[in-house]
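Novice:
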Amino acid sequence: MACSNKGFFVHINSVDDVKVKVAQYALVMARPMIMYQADHPVYWSSVFLAGKSSGLGPNNEQKRRLVTTVSAPIFDRRNYSVREAKLLGVVGTDVPIEEIIKIIPQHKLGPNGYAFIVDNNGRQEDD
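The C-terminal residue of the sequence shown carries number 127 in UniProt numbering, and the numbering is unbroken.
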């Protein structure tokens, strides 16, 4: 199963094999992501309080708001005879939490429901 999914599998017979097998696995971890079909990870940052935005509040003060950043790697996808992983750059943008809340279907959330975000450490970030 690991080989059919471009993964890695080894059988360790003794403690002496560990160092050699870990060195082989390090090569797998160093494989460029372009070799893994068209799916590349999209990174979402933890929610943070954005700097001052261009919007003006009720007292002529600039508003601060909760945002998250989304980013992804961009690779050269041209067809070459030799497949090389060429990272062209990274794309990213800040997404205000209020914009994410706007796209949540309210009929699925329900009248007593509320939106919240949990990061990869299990911390809840709510608006």
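All C-beta atoms in this analysis are idealised placements derived from N, C-alpha and C, irrespective of residue type, glycine included.
Tell me which residues share the same chain as Ser45 and place their Cβ nearer than 7 angstroms to its Cβ, disregarding the 5 neighbours each side in the sequence.
Specialist: Closer than 7 angstroms at Cβ, skipping near neighbours: Thr68 and Thr69.
Novice: Given that a residue counts as buried once 16 or more other Cβ atoms are within 10 Å of its Cβ, and exposed if not, what is Val20?
Specialist: Its Cβ having fewer than 16 others within 10 Å, Val20 is exposed.
Novice: Who are Pro111's beta bridge partners in DSSP?
Specialist: Partner(s): none; Pro111 has no beta bridge.
Novice: Could you tell me the distance, in whole angstroms, from the CA atom of Leu109 to the CA atom of Ala115?
Specialist: Near 8 angstroms, if we compare the C-alpha coordinates of Ala115 and Leu109.
Novice: Using the three-state DSSP reduction, which class does Asp94 fall into: helix, strand or coil?
Specialist: The answer is strand: DSSP assigns Asp94 an E or B state.
Novice: Would you mind reading off the limits of the beta strand (DSSP E) that contains Phe75?
Specialist: Looking at the DSSP string, the run of the beta strand (DSSP E) that includes Phe75 is Leu66 to Phe75.
Novice: Flag this pair as yes or no: are the beta carbons of Ala72 and Val95 separated by less than 8 angstroms?
Specialist: Going by C-beta atoms, Ala72 is not nearer than 8 angstroms to Val95.
Novice: Please state the DSSP three-state secondary structure of Val118.
Specialist: If DSSP states are grouped into helix, strand and coil, Val118 belongs with the strands.
Novice: Can you tell which of Val47, Asn79, Val22 and Arg78 has its C-alpha closest to the C-alpha of Asp119?
Specialist: Nearest C-alpha to Asp119: Val47.
Novice: Can you grab the Cα-Cα spacing for the pair Ala23 / Gly89, in whole Å?
Specialist: Computed Cα separation, rounded: 29 angstroms.
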